[in-house]
Ligand code: LLP
C-alpha cells in the first residue's frame, strides 16, 4: 500500500504531481509520502498492540530528520548503529531511552555518548565489546544495559549480502557462547543484563526462518531467566521485506503472528527494528531523461540520477520499477536506464519497456525510500539529491540539494 498513483495521466505523490516537484525542486530528488509512512507505522503498531512492544525504527534505512521526527512523534523508538545516527535521533526529538544501539564496531566515544544519553540497551556483538562496554561504563561510574546479539545460525533466504545469521557471518556472538558471556557479565560491575537480541537478515519474504530464529532465541531467553539474569527485553531485529517486483512478503499481520507465536508465555517486552518495511515504498527517486542513445546492441535512456544516488541496483543487482511520470500513448520499446556515472554497473534498470520518451521527461524509480538516500554518495563529485516530504497537497524540501561547495567543504587545496 502506498500513495504514489496516476491521476489524470500523471504520477502523483498523494495530491502533488511529481512533475511539479521536478520543476520546482529539480532532479534528482527523493520524494517521500507522509501518508504512506504513517500508515505503515500505524498498521505495524496495531499488529503488535496486544504485546508489550517497542518499535525501534532502523535509522540506516532512511535517516532524514523529518522522517525520524514523524516517527518519533508517533511513539517510535530507534535502532542506531553509530554516533551519527544517535545524533540524528536526538536532533529530531527522539527519546534516547527508546534507543537500541546495534553494530559490530562501536567505538569508545560512541559507547560513551550513548551511555551519557541513557539509551535503552547496547546490542553487544562480541566478547571483547562486552568487556569494553564494561570498562567505559565503570570509567563513567555508570552501568550499561546490554543485550547480547546472538547468531541463531539460520538461513534467512535473502541476498547473500544482506543475510546476517549464517554461521559464517560477522554479526552476533555464536549461540553456544551466549550463556557463558551472560554468566561472566555478572562479575562485571559496569554491566546490567537487560535483554537478548537477534537479527537474521533483511528483505525477508518467508516467515519460516523468522519463526525458527525466534523460537531458538526465546528458548535461550527462558534459560537465561532461569539462571536469574534480570532480562526484560527480547529484541527480534528487523528484516521484513517489501515488494520490488514479484516478491510476496508476508503482510504485517502474518509477520506479527510469526514473531509472537514462538514467544507465547514469555515474560518480555518485545523490541522490533523495522527499517525497509516502514519507508521502502514510501519513497521514490525522481529523475529526468537527459539523452537517448541507440547503439547496434542496445537502446539507452541516460538519466540524471546514477548509482551514487541509488546504489542498490549496482550493489545487489536489485530491481526497482521505473515509471514514466507522464506516460504517453504509443508503442513501447525496451531501454536500459543508465546514470551519468563512469562505471558500467551504473544501470538503474535493464531492458525496461516504456512508451515513447523524450529528453526532459521525468521518471520515478519506485520503492526507493529505504537504503536510497541513506546510501547515496558523492562519487564522481556529484552533489547528493534533494529530499522532499509530501503531505496531502503540500510539500516541504526536507534536505536541500547539495551544492558544489558542499562537495569540498573541509578540504584544503
Ligand atoms: N536491525 C539490524 C541489526 C540491522 O542490521 C538491520 C539492517 C535492520 C535492523 C533493519 O533491517 P530492515 O528491516 O530494513 O530489513 N542496504 C541493504 C540492506 C542492509 C540491511 C542492513 N541491516 C539494501 O539496500 O537492501
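In the numbering used here, the protein residues as written are 18 to 430. Here a beta-carbon is modelled for each residue, glycine too, at the ideal position from N, C-alpha and C.
- By the Cβ criterion, the region 355-364 is not in contact with the region 282-294, since fewer than three pairs of Cβ atoms, one from each stretch, lie closer than 8 Å.
- For the pair residue 274 and residue 254, the Cα-to-Cα distance works out to about 15 Å.
- For residue 105, the Cβ stays outside the 8 Å cut-off from all heavy atoms of the ligand LLP.
- In this structure, DSSP gives residue 57 a helical state, which the three-state scheme calls helix.
- By the Cβ rule, the region 299-317 does not count as touching the region 62-71, because fewer than three pairs are nearer than 8 Å.
- Per DSSP, residue 200 is one residue of the alpha helix (DSSP H) stretching across 195-202.
- The C-alpha of residue 229 is placed about 14 Å away from the C-alpha of residue 214.
- Rounded to whole angstroms, the gap between the alpha carbons of residue 339 and residue 209 is 49 Å.
- Shortest gap from the CB of residue 140 to any heavy atom of the ligand LLP: under 8 Å.
- Annotation: the region 28-85 contains the following complete segments of the alpha helix (DSSP H) (minimum length 4 residues), in chain order: 35-42, 51-64.
- In this structure, 317 is the residue among 317, 357, 416 with its C-alpha nearest to the C-alpha of residue 368.
- The residue from 314, 172, 194 with its alpha-carbon nearest to that of residue 256 is 172.
- Within the region 126-167, the runs of alpha helix (DSSP H) that reach at least 4 residues and sit entirely inside it are, in chain order, 144-156.
- Put simply, the region 386-406 touches the region 415-426. At least three CB pairs are less than 8 Å apart.
- The continuous stretches of alpha helix (DSSP H) do not include residue 340, which lies in the beta strand (DSSP E) extending over residues 339-341.
- With the rule of 3 Cβ pairs closer than 8 Å, the region 386-398 does not count as touching the region 32-44.
- Counting only the Cα atoms, residue 219 lies some 14 Å from residue 225.
- Per the C-alpha coordinates, the member of 392, 285, 72 positioned closest to residue 236 is 285.
- For residue 97, the uninterrupted beta strand (DSSP E) segment begins and ends at 94-97.
- Of the candidates 207, 40, 145, 169, 169 places its Cα closest to the Cα of residue 191.
- At the C-beta level, residue 100 and residue 139 stay beyond 9 Å of one another.
- When the five nearest sequence neighbours on each side are left out, the beta carbons in the same chain lying within less than 8 Å of the beta carbon of residue 232 are those of 279, in order along the chain.
- Going by DSSP, residue 212 is part of the beta strand (DSSP E) stretching over 208-214.
- Here the C-alpha atom of residue 394 lies approximately 25 Å from the C-alpha atom of residue 187.
- The C-alpha of residue 127 lies about 18 Å from the C-alpha of residue 144.
- DSSP, read as helix, strand or coil, puts residue 304 in strand.
- In this structure, the alpha-carbon of residue 89 lies about 5 Å from that of residue 111.
- Within 8 Å of the C-beta of residue 272 there is not a single heavy atom belonging to the ligand LLP.
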